[in-house]
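Novice:
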Amino acid sequence: MCFASFCKNCSLFLLIVVPFLPLLIDRIPMMTGMFPFLHFTTPFGFIAEEIPDLSGKTILVTGANAGLGFDTVRHLARNNAEVILACRNMKKGNVAMEKIKEEMPNAKLHLLQLDLGNLASVEAFAKKVNKQFKSLDSLILNAGIMMTPYSLSDDGLQLQFAVNHLGHFYLTKMLLDLVVKSGPSTIVSLSSAGHFSAELPLYMTPKDLNDKDKYMPDQHYAQSKLFNIYFVSKLNSRLKAGGVNNVHVNVVHPGFVRTELGRHFHTVVGEGIGLALFELINNSIAWGTEEASLTSVYAAVSPKVFNEKITNKYFHPIARETSRSWLAEREDLANELWDISERYITQFQNGESLTDEKLDQ
Ligand SMILES: NC(=O)c1ccc[n+]([C@@H]2O[C@H](COP(=O)([O-])OP(=O)(O)OC[C@H]3O[C@@H](n4cnc5c(N)ncnc54)[C@H](OP(=O)(O)O)[C@@H]3O)[C@@H](O)[C@H]2O)c1
478 MCFASFCKNC
488 SLFLLIVVPF
498 LPLLIDRIPM
508 MTGMFPFLHF
518 TTPFGFIAEE
528 IPDLSGKTIL
538 VTGANAGLGF
548 DTVRHLARNN
558 AEVILACRNM
568 KKGNVAMEKI
578 KEEMPNAKLH
588 LLQLDLGNLA
598 SVEAFAKKVN
608 KQFKSLDSLI
618 LNAGIMMTPY
628 SLSDDGLQLQ
638 FAVNHLGHFY
648 LTKMLLDLVV
658 KSGPSTIVSL
668 SSAGHFSAEL
678 PLYMTPKDLN
688 DKDKYMPDQH
698 YAQSKLFNIY
708 FVSKLNSRLK
718 AGGVNNVHVN
728 VVHPGFVRTE
738 LGRHFHTVVG
748 EGIGLALFEL
758 INNSIAWGTE
768 EASLTSVYAA
778 VSPKVFNEKI
788 TNKYFHPIAR
798 ETSRSWLAER
808 EDLANELWDI
818 SERYITQFQN
828 GESLTDEKLD
838 Q
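In this note's numbering, the protein residues as written are 478 to 838.
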């Protein structure tokens, strides 16, 4: 084949394939909905105008001061919900609250301090919520950290596990009666398509979790996001077994969203070209938080979720149901995680160390 005909074939190939590339990529489960440009073939599953009037509804958002949490609160407040902003840093929480109040002077907002990496803080926060609020119509487990350098929580557990999974596990346990009492209600957990990268063995015991030699920031993030899915699936089965049918618990991947989450990305890709590429994507083709937070808002308040009793589903941008990884379907591992999480909480409540060797047996 001469050079000219090779070029002709190549350009023909590009002309035919390139327009369909987003369509092809959007069929890969891990990529679906990841970027806005992959969304052009399918309409949004939910738009801001479809948010119902939320007067009389109380909704809690963790990590409400920044990124997706902040815009989740804005959508809810704009539609008259009373919103509890659960924030680790009160100074940042106040700035966020004031910003929303400037835009919506009548917004009903409550700022409460919550550090998910500290179980005593989770307990104190949940006690305040239980005392102060008569109902909780939706619990949005949004806060998260990603690919942090090796570090331990105040309770001595690997930080990504502690914040992304165990803190939310205990928070939900403490608030579940209120959510059930408020039914029909919802619980939403923010996972990630990053869970597709989780690999066996999974790290759950203190010995595995805290082993510095085994620590891989990206793998531990992926596993913590897989644990969000296990948590939702197990919570669903436990509610069902207890005869509770009006609490709808779903899991969300918000897409690749322009937020502060990537602040530790350099721990995985280094400071060079990998980081530059990440920043380029983040600043150009990533979702904005106002649109991307609609998937969480959909799972929390959409009439469709209540009318069709949608529960234990995985949604990706924007508010479209999709499939999770094969590992996310492993019920035995979901059971194992639940049992070990219960044991961590029992040890905490008994005033024992969480890194006690009992959990390694
Ligand atoms: N952005 C994405 O592309 C993406 C993709 C997939 C999944 N997600 C998930 O979406 C969720 C929201 O992330 P984001 O992108 O909006 O990130 P973000 O901009 O970094 O916001 C994270 C929020 O979590 C809070 N937080 C961190 N540690 C906490 C702790 N110990 N206790 C209480 N709150 C804590 C942060 O508070 P401070 O400001 O005080 O640190 C902040 O409010 C996360 O669960 C993340 O895994 C995001």
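All C-beta atoms, glycine included, are put in the ideal place defined by N, C-alpha and C.
From N687 to T799, what does the alpha carbon distance come to, in whole angstroms?
Specialist: 33 angstroms
Novice: Can you name the residues that DSSP bridges to N812?
Specialist: DSSP output for N812 lists no bridge partner at all.
Novice: Is any heavy atom in ligand 1 found nearer than 7 angstroms to the beta carbon of T736?
Specialist: yes
Novice: Within 10 Å of its beta-carbon, does E559 have 16 or more other beta-carbons around it, so buried, or fewer, so exposed?
Specialist: buried
Novice: Grab me the residues of R551's own chain with a C-beta within less than 7 angstroms of its C-beta, minus the 5 sequence neighbours each way, in chain order.
Specialist: I577
Novice: Would you call the CB atoms of V640 and I622 closer than 8 angstroms?
Specialist: A contact, by the Cβ cut-off of 8 angstroms.
Novice: On a Cα-Cα basis, can you pick out the residue from V599, L716 and D632 that is closest to V656?
Specialist: L716
Novice: Shorter than 7 angstroms, the distance from the beta carbon of N619 to the closest heavy atom of ligand 1, or not?
Specialist: yes
Novice: Decide if the region 675-690 is in contact with the region 799-811; the criterion is three or more beta carbon pairs, one per stretch, under 8 angstroms apart.
Specialist: Verdict: yes, contact present.
Novice: Does DSSP put Y627 in a helix, a strand or coil?
Specialist: coil
Novice: Would you list the residues sitting across from A563 in a DSSP beta bridge?
Specialist: T539 and L589
Novice: Suppose you measure from the CA of I524 to the CA of D548; what does that come to, to the nearest Å?
Specialist: Between the alpha carbons of I524 and D548 lies a distance of about 14 angstroms.
Novice: What did DSSP end up calling E798 once you bin it into helix, strand or coil?
Specialist: strand
Novice: Could you round the C-beta distance between A554 and L586 to whole angstroms and report it? I think they count as a contact, below 8 angstroms.
Specialist: 6 angstroms
Novice: Give the range of the alpha helix (DSSP H) segment to which T649 is assigned.
Specialist: G644 to K658
Novice: Alpha carbon to alpha carbon, how far is E785 from A718?
Specialist: 20 angstroms
Novice: Looking at the secondary structure, which residues open and close the alpha helix (DSSP H) in which Y680 lies?
Specialist: No residue range can be given for Y680, since it is assigned to no alpha helix (DSSP H) and is classified by DSSP as neither H nor E.
Novice: Please state whether DSSP places L618 in a helix, a strand or coil.
Specialist: Three-state DSSP puts L618 in a strand.
Novice: Taking Cβ positions, are H730 and S668 nearer each other than 8 angstroms?
Specialist: Yes, the Cβ-Cβ distance between H730 and S668 is below 8 angstroms.
Novice: Taking the beta strand (DSSP E) that L667 belongs to, which residues open and close that run?
Specialist: S662 to L667
Novice: Do you know offhand how far I536's Cα is from E575's?
Specialist: Distance between the alpha carbons of I536 and E575: 18 angstroms.
Novice: Between the C-alpha atoms of D632 and L531, what's the straight-line distance to the nearest angstrom?
Specialist: 37 angstroms
Novice: Take the Cβ of I795 as the centre, count every other Cβ of all protein chains shown within 10 Å, and call the residue buried at 16 or more, exposed below.
Specialist: buried
Novice: Would the beta-carbon of H730 be found less than 7 angstroms away from any heavy atom of ligand 1?
Specialist: Flag set: Cβ of H730 near ligand 1.
Novice: When you compare the region 701-713 with the region 641-653, are there three or more beta-carbon pairs, one atom per stretch, that lie closer than 8 angstroms?
Specialist: yes
Novice: Give me whichever residues DSSP pairs with Q635 in a beta bridge.
Specialist: L629
Novice: Run the proximity test for A777: is its beta-carbon closer than 7 angstroms to any non-hydrogen atom belonging to ligand 1?
Specialist: no
Novice: Quick one: what's H725 bridged to in DSSP?
Specialist: In the DSSP output, where bridge partners are listed per residue, H725 has T663.
Novice: Quick check: does the Cβ of F733 come within less than 7 angstroms of any heavy atom belonging to ligand 1?
Specialist: yes
Novice: Where does F792 fall in DSSP's three states?
Specialist: strand
Novice: Among all the DSSP beta bridges, which residues are the ones paired with V734?
Specialist: W764
Novice: Return the residue from the list E579, V606 and P683 that minimises the CA-CA distance to D654.
Specialist: V606
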